[in-house]
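Each residue of the sequence shown is one higher than the one before, counting from 2 in the working numbering. All C-beta atoms in this analysis are idealised placements derived from N, C-alpha and C, irrespective of residue type, glycine included. Worksheet: the structure to be examined is printed underneath.
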Amino acid sequence: MIHPCPDRQLRKSCLKKKRRAVLGVDLAGVPHRPTGICLLEDGCARTTLLYEDREILDYARESKPVLIAIDAPLNLPPGRRSMSDRNGSHYRPCDLELRRRKIPFFPITLGPMRKLTERGIRLKRRLEAEGFRVVEIYPGGAQDAWTIPRAKRNKEGLRRCLSRRGIKGLTRSASDHELDAATGALVGWLYLLGKAEVLGDFQSGAIILPVGER
2 MIHPCPDRQL RKSCLKKKRR AVLGVDLAGV PHRPTGICLL EDGCARTTLL YEDREILDYA
62 RESKPVLIAI DAPLNLPPGR RSMSDRNGSH YRPCDLELRR RKIPFFPITL GPMRKLTERG
122 IRLKRRLEAE GFRVVEIYPG GAQDAWTIPR AKRNKEGLRR CLSRRGIKGL TRSASDHELD
182 AATGALVGWL YLLGKAEVLG DFQSGAIILP VGER
């Protein structure tokens with residue numbers, strides 16, 4: 002099921018605040034690989050690479066974003082109690098919607114996606130325990146919806162396209178992880194403005210995508 006607008010209460014609360022920063026996180030499956038970070042505030046992006054969960058948590062505490070948009074599965078598929086549980090589905094309703102739209106993605110229960118899913122769920126719980134609002138985004142899906150390049154295919158093309166969409170401060174040296182984090186931060190901001198849709202639901206798994214530009 003597709004829900005066409007964000008949480009109105011969240012939107013109202015966030016837009017009232019003087020400082021409206023969104024944190025995009027292109028999460029790596031394991032801490033020794035780089036996680037892309039983008040803090041988007043008033044259209045200006047500040048990007049970096051982090052590694053350990055504690056670094057990401059510290060960054061969130063310091064930057065105090067109104068929303069954190071994470072590129073990682075944040076829910077297990079229906080019927081599964083853990084990643085090692087063989088029961089239940091390989092797909093969440095939001096994953097099936099991606100497949101229906103012919104947006105390529107990796108099943109979250111297979112290969113390296115297993116570790117990413119476990120880490121994403123763990124990080125979400127820790128962030129929410131500290132009062133942060135966390136949503137799942139998929140930069141590749143957003144880039145496909147906007148018909149702009151994915152980072153691994155054309156990093157410079159993606160940087161230029163994001164700049165044309167109003168993100169300032171993205172440098173040529175920004176890594177593909179940072180550009181995906183910037184994509185996620187922009188999607189998070191559009192979510193707050195009511196210009197994004199929710200694929201699936203927040204109980205079984207939801208992915209935020211931009212609307213009206215496919």
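| Check | Outcome |
| --- | --- |
| Whole angstroms are fine: how far does the CA of residue 48 sit from the CA of residue 175? | 8 Å |
| Which residues does DSSP list as the beta-bridge partners of residue 211? | 197 |
| Run through DSSP, which three-state label would residue 22 get? | strand |
| Taking the straight line between their C-alpha atoms, what separation do you get for residue 171 and residue 182? | 11 Å |
| Do the CB positions of residue 70 and residue 185 come within less than 8 Å of each other? | yes |
| Taking residue 47 as part of the beta strand (DSSP E), name the residues at either end of that continuous run. | 45-51 |
| What is the rounded straight-line gap between the Cα of residue 92 and the Cα of residue 188? | 23 Å |
| Quick check: what's the CA-CA separation for residue 125 versus residue 107? | 20 Å |
| Count the other CB atoms within 10 Å of the CB of residue 113; is the residue buried (16 or more) or exposed (fewer)? | exposed |
| If I'm right that residue 50 touches residue 66 with Cβ under 8 Å, what's the distance once you round it to whole angstroms? | About 18 Å separates the two Cβ atoms, so there is no contact after all. |
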